[in-house]
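> Respectively, the protein sequence lines represent chains A and B.
Numbering-wise (this note's numbering), the first sequence opens with residue 1 and increments by one.
Numbering-wise (this note's numbering), the second sequence opens with residue 456 and increments by one.
For every residue, glycine included, the Cβ atom is placed at its ideal position computed from N, Cα and C.
Protein chains: 2
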Amino acid sequence: MPDIDAYLDAHRDQFEADLCELLRIPSVSADSRHRGDIRRAAEWLVAKFRGLGLACDLVETAGHPIVLADSPKIDGAPTVLVYGHYDVQPPDPLGEWISPPFEPTVRDGNLYARGATDDKGQMLTHVLSVEAWMTTEGKLPVNVTLLIEGEEEVGSENLDKFIEANRARLACDVVVISDTSQFAEGVPAITYGLRGIAYYELRLRGPKQDLHSGTFGGAVKNPAIALAEMFAGLIDENGRVQVPGFYDDVAALSDAERKQFAALPFDEAAFRNQVGVAQTFGEAGFSTLERRWVRPTFDVHGLTSGYQGEGAKTVLPAKASGKFSFRLVPNQDPKKIAAALKTKLAELCPPGIEMELVEFHGAPGVVVPLDSPFMAAAARAIEHGFGRAPVYMREGGSIPVVSTFRNLLGVDTLLLGWGRDDDNTHSPNEKFNLADFHRGIRSSARLWRELATRK
Amino acid sequence: MPDIDAYLDAHRDQFEADLCELLRIPSVSADSRHRGDIRRAAEWLVAKFRGLGLACDLVETAGHPIVLADSPKIDGAPTVLVYGHYDVQPPDPLGEWISPPFEPTVRDGNLYARGATDDKGQMLTHVLSVEAWMTTEGKLPVNVTLLIEGEEEVGSENLDKFIEANRARLACDVVVISDTSQFAEGVPAITYGLRGIAYYELRLRGPKQDLHSGTFGGAVKNPAIALAEMFAGLIDENGRVQVPGFYDDVAALSDAERKQFAALPFDEAAFRNQVGVAQTFGEAGFSTLERRWVRPTFDVHGLTSGYQGEGAKTVLPAKASGKFSFRLVPNQDPKKIAAALKTKLAELCPPGIEMELVEFHGAPGVVVPLDSPFMAAAARAIEHGFGRAPVYMREGGSIPVVSTFRNLLGVDTLLLGWGRDDDNTHSPNEKFNLADFHRGIRSSARLWRELATRK
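What follows is the structure, encoded as C-alpha cells:
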C-alpha cells in the first residue's frame with residue numbers, strides 16, 4: 001500500500017492536530033454540566049465524516065447523541081462495524097494533573113489529556129485511516145460503518161436500545177474496537193477476553209440529620225460505621241467475594257490458558273513499581289495477570305460520609321454512601337449476582353439503618369474465538385503497523401458493547417488495542433503515545449485491505 | 456434582687472440584639488479561611504467587657520486569641536472563673552440549613568444560627584448578667600473572671616498552655632460553664648459528669664495514583680476497602696469496641712446511679728422520634744441514657760475516598776481517609792487508649808496499604824461531687840431563674856477544659872446548661888430557645904449572689 005502509507009507519513013502533524021482539537025472538548029458524559037460539550041464533540045465527528053465524503057447521521061437518543069457514518073458501498077466486500085466512543089471519564093481529582101486535562105500537552109512523545117487513549121485517540125485511528133483511503137483511493141476495499149457513541153463511560157444505555165432497534169442497519173461480518181492496550185511497550189496485542197461489570201451505589205441513612213457524637217454517640221447506629229461493616233462484609237481478607245453463589249458460574253482457568261499467560265513477558269516488579277505498591281494483593285492461588293484478567297473482583301470506587309473538611313468535627317453523620325462494583329468473568333450472570341447481592345446487603349444492614357441500592361450499568365464478561373479469519377487478518381495488519389506480530393491477551397476492564405454485538409448482531413469483536421498499560425486511563429494524567437497513535441492508524445489502514453482479501 | 460431582675464426584664468430586646476450581633480460573625484475555628492472572623496468575635500467581646508468597666512485583655516496565642524476579663528475586686532468574696540468559647544463548629548452541610556447559619560433567624564421562639572447554643576448564646580448569659588450587676592450596682596458581689604477562648608471546637612490546645620502558664624492569675628474557688636443542656640423542656644439540670652474524647656484521622660494509601668478498576672482491580676489492594684475493613688474491625692456488631700484493654704479501666708455503673716437515671720423523665724419513643732430512627736442501637740445491657748452518659752463509644756465522623764461525584768466512575772482510588780473518635784468515661788486514660796489503638800490498627804492494616812494516624816485533641820472523662828456548697832448555690836440560682844429546682848444528670852459530650860481546671864487549678868466545675876437536647880448542636884439548624892436564654896441570664900445574675908452568701 002505505498003500510496004496509503006505515504007499519505008499517512010505525510011499527514012502526521014495534521015492527524016495530531018485533529019486529535020488535539022477533539023481532546024480540547026471536555027465531553028464528560030457523567031456530568032450533566034458538560035451536556036453542551038458532549039454535543040460539540042459529536043458534531044466535530046459529523047463534520048469530519050462528511051468532509052471525507054461519508055454518509056453520516058447525528059442520531060438523537062434519550063441521552064447523548066450517536067454518530068453513525070458509512071463508507072461508499074462496495075458490493076461483495078465484507079462489512080466491518082467500527083465502534084468507538086467520544087465521551088470521556090470525569091477528570092477528578094483535578095489537582096493531580098500535571099497539565100490541565102482538556103489542554104492536550106506533549107511530553108516525552110506522549111500526548112497528555114483526558115480521553116487521549118480512552119477513547120478519542122484510539123477511535124480516531126480508524127477515522128484517519130478511512131481518511132487516507134478516501135483521499136488516496138476515493139473508496140475503501142471493504143464496507144466500513146463507524147458507530148461512535150457518547151455514553152460509554154456511563155453505561156451505553158441508549159446505544160443498546162439503538163442497536164436493538166437497528167439490527168438490519170448495523171448488520172456486519174465483524175466488529176472492530178480499539179479501546180484496549182498493547183501487552184507492553186513494543187508488544188502489540190489482540191485482546192480476546194474482557195471482564196464484565198456490575199456497578200452500584202449503596203446509600204445508608206441513620207438519624208434524620210447529623211447529630212453531636214458526644215450527646216448521641218453510643219445510642220444511635222452510625223451510618224459511616226454501618227457502611228464500613230457492610231463493605232467489609234462483602235469480601236474476606238483473602239480477597240474472596242462473600243456474596244453467596246458469586247463463584248458458582250465462574251469459568252475455570254484452563255491449563256493451556258494458564259501456560260499462555262505465564263509465557264507472556266510480564267515483569268511483576270515492574271508492575272509493582274508502575275502501580276506504586278510494595279506488594280500486590282489478591283485471591284490466593286492466582287497470578288497477578290490471572291487476578292486481573294480471569295478472576296471476578298469487588299472494588300469500592302468512592303466513599304462519602306459526614307465531615308470531610310479540615311480539622312476535627314464531632315458529628316454522628318446522618319448519611320453514608322459508597323460506589324462499588326464487581327468485575328465479572330464469562331458465565332457469571334449479572335442479574336443473578338444482583339439478586340444475591342441484594343439479599344446479602346439486607347442481611348448485613350444493621351438495625352437503625354435504612355439502605356438504598358442504586359444499580360448502574362452492568363455487562364457480562366466475554367471471550368471471542370482465536371481461530372477466525374478476521375483474527376488472522378487483524379494479526380497481519382498489526383504486524384504491518386507495529387513491525388511485530390501481536391500476542392493474544394485478555395483484559396480486566398469491561399467493554400459491555402462487545403457482548404451486546406454478540407447477542408444482538410451475532411458477530412464477534414476484534415479488540416485491537418493501541419494503548420499502553422500505563423496510560424492512566426480513568427486516572428489523572430491520562431496519555432497516549434504518539435508513535436502508537438500513528439502505528440494504530442497504519443495498522444487500521446492495512447486492516448481494511450487484509451479483511452477485503454481474506455473474506 | 457428587684458433591681459437586677461427589673462434590669463433584665465427591661466433589656467430583653469437589647470440582649471437578643473447583642474447575641475445576634477455575635478452570631479453573625481462566622482467564627483469557625485476549624486477552618487483557616489475564617490481566621491479573620493475569629494479575631495472579630497474576640498474583639499467584639501473585648502469591646503463589650505471594656506464597655507461594662509471590666510479590666511479586659513485580648514491574649515494572643517499560637518492560634519486564636521483568648522479573651523480574659525475581671526470584675527472589680529471584692530476583698531474576701533469568693534472568686535468564680537466563668538469559662539466559655541466564642542468559636543463555633545463548621546456549618547456543613549450547608550444545604551440542610553433552613554435559614555443561613557450566620558444569619559440569626561427567630562422561628563417559634565427559637566433563635567437559629569451556628570453557635571446559638573454552643574456556645575455564644577450560653578456564654579453570653581454570664582456576660583449579660585455581669586452587665587446587669589455592673590449597670591445597676593456598679594460591682595458584683597463576688598469576684599468574677601471571664602475566660603473566653605476561640606479554640607474549643609478544635610481541642611483548646613493553646614488554652615491548656617495558657618492555663619498552665621497562668622495558674623496564679625486564674626486561681627479561683629469554682630468554675631462555671633454553660634455549654635450543656637437542660638434534661639428536657641421545663642426540666643433544668645446541673646451536669647455532674649462528662650465523657651472524654653480521643654479524636655483521630657486514619658489516612659490510607661494504596662497505589663501511587665487512582666487506577667482503572669478493570670485493568671488493575673483484583674491485583675492491587677483497594678484503600679477504600681481497607682478503610683472499611685479497618686473501621687469494621689474496631690467495633691463488633693454489638694457495639695463493643697475491639698481495641699484490646701479498652702474497657703479495662705471503665706468505672707462500673709453503680710446501682711444508685713442506675714436508679715437515679717431510671718427515675719429521670721426520659722421518653723424513649725420521643726427520643727427515637729427526635730433523632731429520627733426506627734430503633735436505637737448500642738451496647739447490650741445498658742439503657743439509652745447509660746449508653747450516652749456512662750459508656751465509652753466509637754464513632755466515625757467522616758469518610759472520604761475516590762469518586763464522589765454524579766454517576767459512575769470505575770476508579771480504584773489511591774487514597775482513603777476517615778475521621779473517628781472514641782468517647783471516654785472516667786478512669787479511661789486517653790494515652791493508654793491511643794497506644795492500644797495504634798497496635799490494633801497496625802494489625803488490621805492489610806498488605807499493600809500504608810497507614811498514617813493523625814491524632815487530634817483528647818481529654819479524659821470527668822465527674823464532679825454533688826455535695827458541695829457551690830452545687831447547692833447553683834441549684835438555688837437555677838430555681839430562681841427557671842422556676843423549678845434542677846435535676847442532676849451526666850452528659851455524653853466532652854468539655855476537656857473541665858479536667859484541665861481540676862488538674863491545673865485544683866477546682867471543680869459547675870456545668871449549668873441552659874440549652875436543650877434538640878438544639879442541633881454541631882448539626883444544621885442549631886438553635887437556642889430565647890426564653891431559656893433569658894432564664895439563663897436570670898439564673899446567672901442570681902448565682903453571683905448565692906455564691907457570695909454561701910462562702
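At which residues does the beta strand (DSSP E) containing G672 of chain B begin and terminate?
For the purposes of this step, residue 672 of chain B is taken as residue 217 along the second sequence, with counting starting at 1. No beta strand (DSSP E) contains G672 of chain B, which DSSP labels as neither H nor E.
> With DSSP as the reference, label I459 of chain B as helix, strand or coil.
Within the second sequence, the letter at position 4 stands for residue 459 of chain B. Three-state DSSP puts I459 of chain B in a helix.
> Buried or exposed for G285 of chain A, going by 16 or more other Cβ atoms inside 10 Å?
For the purposes of this step, residue 285 of chain A is taken as residue 285 along the first sequence, with counting starting at 1. Exposed.
> When the Cα of D371 of chain A is compared with those of A:P400, A:T413, A:G282 and A:V402, which residue comes out closest?
For this step, residue 371 of chain A is matched to residue 371 along the first sequence. Closest by alpha carbon: A:T413.
> Quick one, which of A:S29, A:K342, A:E268 and A:K431 has its alpha-carbon nearest E356 of chain A's?
Mapped onto the first sequence, residue 356 of chain A falls at position 356. Nearest C-alpha to E356 of chain A: A:K342.
> Taking E586 of chain B and H540 of chain B to be in contact with their CB atoms under 8 angstroms, please state how far apart those CB atoms are, rounded to whole angstroms.
By 1-based counting over the second sequence, the position of residue 586 of chain B is 131. By 1-based counting over the second sequence, the position of residue 540 of chain B is 85. Incorrect: roughly 19 angstroms between the Cβ atoms, too far for contact.
> With DSSP collapsed to three states, give me the class of D754 of chain B.
Residue 754 of chain B sits at position 299 when you count from the first residue of the second sequence. Residue state, collapsed to three classes: strand.
> Would you decide whether S156 of chain A is buried or exposed? Buried here means 16 or more other CB atoms lie within 10 Å of its CB.
Walking along the first sequence from the start, residue 156 of chain A turns up at place 156. S156 of chain A is buried by the Cβ-count criterion.
> Name, going along the chain, the residues of the region 407-441 of chain A whose beta-carbon falls closer than 8 angstroms to a beta-carbon of chain B.
Answer set for the region 407-441 of chain A: D421, N424, T425, H426, S427, P428 and N429.
> Note down the Cα distance separating D492 of chain B from F298 of chain A, rounded to an integer number of angstroms.
Stepping through the second sequence from its first residue, residue 492 of chain B is reached at position 37. Stepping through the first sequence from its first residue, residue 298 of chain A is reached at position 298. If I take the Cα positions, the gap works out to 46 angstroms.
> For L147 of chain A, which option in A:A378, A:A55, A:A269 and A:I197 has the closest C-alpha, if you only look at C-alpha atoms?
Within the first sequence, numbered from 1, the residue matching residue 147 of chain A stands at position 147. Taking only the C-alpha atoms, the option nearest L147 of chain A is A:A55.
> Identify the contact partners of V368 of chain A in chain B, using a Cβ-Cβ distance below 8 angstroms as the criterion.
Mapped onto the first sequence, residue 368 of chain A falls at position 368. Per Cβ cutoff of 8 angstroms: no residues; V368 of chain A is ~17 angstroms from chain B at best.
> Hey, Y7 of chain A and T136 of chain A: beta-carbon distance below 8 angstroms or not?
Taking the first sequence and counting its residues from 1, the one referred to as residue 7 of chain A is at position 7. Taking the first sequence and counting its residues from 1, the one referred to as residue 136 of chain A is at position 136. Contact: yes.
> Under 8 angstroms between C-beta atoms, does T288 of chain A make it to chain B?
Taking the first sequence and counting its residues from 1, one reaches residue 288 of chain A at position 288. Closer than 8 angstroms: yes.
> Cα separation between V911 of chain B and S32 of chain A?
Nothing about residue 911 of chain B can be read from this structure; chain B reaches only from 456 to 910.
> Show which residues of chain B have a CB atom less than 7 angstroms away from the CB atom of T404 of chain A.
Within the first sequence, residue 404 of chain A is the residue found at index 404, counting from 1. Within chain B, no residue comes near T404 of chain A; the closest Cβ sits about 17 angstroms away, beyond 7 angstroms.
> Is DSSP giving I521 of chain B helix, strand or coil here?
The residue you call residue 521 of chain B lines up with position 66 of the second sequence. Strand.
> Can you tell me the Cβ-Cβ gap for P533 of chain B and L902 of chain B, rounded? I've got them flagged as a contact below 8 angstroms.
Locating residue 533 of chain B in the second sequence gives position 78, counting from the first residue. Locating residue 902 of chain B in the second sequence gives position 447, counting from the first residue. That pair is no contact at about 11 angstroms.
> If you run the structure through DSSP and keep just helix, strand and coil, what is A644 of chain B?
For this step, residue 644 of chain B is matched to residue 189 along the second sequence. If DSSP states are grouped into helix, strand and coil, A644 of chain B belongs with the strands.
> Looking at the structure shown, is G815 of chain B part of a helix, part of a strand, or coil, going by DSSP?
Here residue 815 of chain B refers to the residue found at position 360 of the second sequence. Reading off the sequence, residue 815 of chain B comes out as Phe, not Gly. Strand, per DSSP.
> Does E450 of chain A come within less than 8 angstroms of chain B when only Cβ atoms are used?
To locate residue 450 of chain A, count along the first sequence from 1; it is residue 450. No - not a single Cβ of chain B is within 8 angstroms of the one on E450 of chain A.
> How about G306 of chain A and H489 of chain B: are their beta carbons less than 8 angstroms apart?
Counted from its first residue, the first sequence places residue 306 of chain A at position 306. Counted from its first residue, the second sequence places residue 489 of chain B at position 34. Result no, Cβ atoms of G306 of chain A and H489 of chain B do not sit closer than 8 angstroms.
> Which residue from B:A568, B:D563, B:V537 and B:C627 puts its Cα closest to that of W983 of chain B?
The structure shown has nothing for residue 983 of chain B, since chain B only spans 456 to 910.
> Which residue's Cα is closest to the Cα of T304 of chain A: A:R292, A:F374, A:P317 and A:V294?
Here residue 304 of chain A is taken as the residue at index 304 of the first sequence, counted from 1. For T304 of chain A, the nearest C-alpha among the options comes from A:P317.
> Pull up the distance between the alpha-carbon of G777 of chain B and that of G661 of chain B, whole angstroms please.
Position 322 of the second sequence, counted from the first residue, corresponds to residue 777 of chain B. Position 206 of the second sequence, counted from the first residue, corresponds to residue 661 of chain B. Their Cα atoms are separated by approximately 15 angstroms.
> How is H384 of chain A classed by DSSP in three states: helix, strand or coil?
Here residue 384 of chain A is taken as the residue at index 384 of the first sequence, counted from 1. Correct three-state label for H384 of chain A: helix.
> For P400 of chain A and chain B, any beta-carbon pair shorter than 8 angstroms?
On the first sequence, position 400 is the one that residue 400 of chain A refers to. No, P400 of chain A lies away from the interface with chain B (no Cβ there is under 8 angstroms from its Cβ).
> Tell me whether the beta-carbon of V535 of chain B lies closer than 8 angstroms to the beta-carbon of D628 of chain B.
Along the second sequence, read from residue 1 onward, the residue named residue 535 of chain B stands at position 80. Along the second sequence, read from residue 1 onward, the residue named residue 628 of chain B stands at position 173. Contact flag set, yes.
> With a cut-off of 8 angstroms on the beta carbons, I'd call V277 of chain A and V675 of chain B a contact; round off their distance for me.
Numbered from its first residue, the first sequence carries residue 277 of chain A at position 277. Numbered from its first residue, the second sequence carries residue 675 of chain B at position 220. Confirmed, Cβ separation roughly 6 angstroms.
> Who are the neighbours of V220 of chain A on chain B, taking C-beta pairs under 7 angstroms?
Residue numbering aside, residue 220 of chain A sits at position 220 when the first sequence is read from its first letter. Those within 7 angstroms of V220 of chain A in chain B are V730, V732, T735 and F736.
> How far does the beta strand (DSSP E) with L719 of chain B in it extend, from its first residue to its last?
For this step, residue 719 of chain B is matched to residue 264 along the second sequence. No beta strand (DSSP E) contains L719 of chain B, which DSSP labels as neither H nor E.
> Measure the C-alpha to C-alpha separation of H426 of chain A and P91 of chain A and round it to an integer number of angstroms.
By 1-based counting over the first sequence, the position of residue 426 of chain A is 426. By 1-based counting over the first sequence, the position of residue 91 of chain A is 91. When rounded, the distance between both Cα atoms is 8 angstroms.
> Residues of chain B with CB under 9 angstroms from H361 of chain A, in chain order?
Position 361 of the first sequence, counted from the start, is the residue given in the question as residue 361 of chain A. Simply A767.
> Does the distance from the C-beta atom of E395 of chain A to that of W293 of chain A stay below 8 angstroms?
As a first step, residue 395 of chain A must be located in the first sequence, where it is residue number 395. As a first step, residue 293 of chain A must be located in the first sequence, where it is residue number 293. Yes, Cβ-Cβ distance for E395 of chain A and W293 of chain A is below 8 angstroms.
> Below 8 angstroms on C-beta distance, what does F671 of chain B contact in chain A?
Counting from 1 along the second sequence, the entry for residue 671 of chain B is found at position 216. In chain order: V275, R292 and G396.
> Is any beta-carbon of chain B found at less than 8 angstroms from that of G155 of chain A?
In the first sequence, residue 155 of chain A corresponds to position 155, counting from 1. Yes, because at least one Cβ of chain B sits closer than 8 angstroms to the Cβ of G155 of chain A.
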